[in-house]
Amino acid sequence: LGVQDIETGIQQFDDAFIVKAENAQLARHILNPGLCNQLIGLAKQSSSYEINDNEIIVYFEQIFGDEKMLKSNLEAIILTAKMFIGQF
Numbered sequence: 003l004g005v006q007d008i009e010t011g012i013q014q015f016d017d018a019f020i021v022k023a024e025n026a027q028l029a030r031h032i033l034n035p036g037l038c039n040q041l042i043g044l045a046k047q048s049s050s051y052e053i054n055d056n057e058i059i060v061y062f063e064q065i066f067g068d069e070k071m072l073k074s075n076l077e078a079i080i081l082t083a084k085m086f087i088g089q090f
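Its first residue numbered 3, the sequence shown is counted upward by one per residue in this note's numbering.
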């Protein structure tokens, strides 16, 4: 079958993200409502980001010099990574 577009059934997530996967069932299992909401929040905090099979890359603009914002952004990244790890 190859790579297919995946919809999670979570409208806000599906409108904001394009998900492609070879295993649609596994992708939907991983993208549970909690993780989808976390990814939506992370997207709002960052200027852009990429997620692939092996990594999460998050880009922020002008966070240095604002300790509170830096801490919040790092905590969001760590929580997202933990949620991904918890799925396997």
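Note that CB positions come from ideal geometry on N, CA and C, so glycine has one too. No experiment lies behind these values; they were computed from the predicted model shown.
Here the alpha carbon of residue 22 sits roughly 6 Å from the alpha carbon of residue 8. Residue 72 is classed as exposed because its beta carbon has fewer than 16 other beta carbons within 10 Å across all chains shown. Contact between residue 10 and residue 33 is confirmed by a C-beta separation of about 5 Å, below the 8 Å threshold.
Burial is judged here by how many other beta carbons sit within 10 angstroms of a residue's own beta carbon; residue 78 has at least 16 and is buried.
About 11 Å separates the beta carbons of residue 43 and residue 85, which is beyond the 8 Å limit, so they are not a contact pair.
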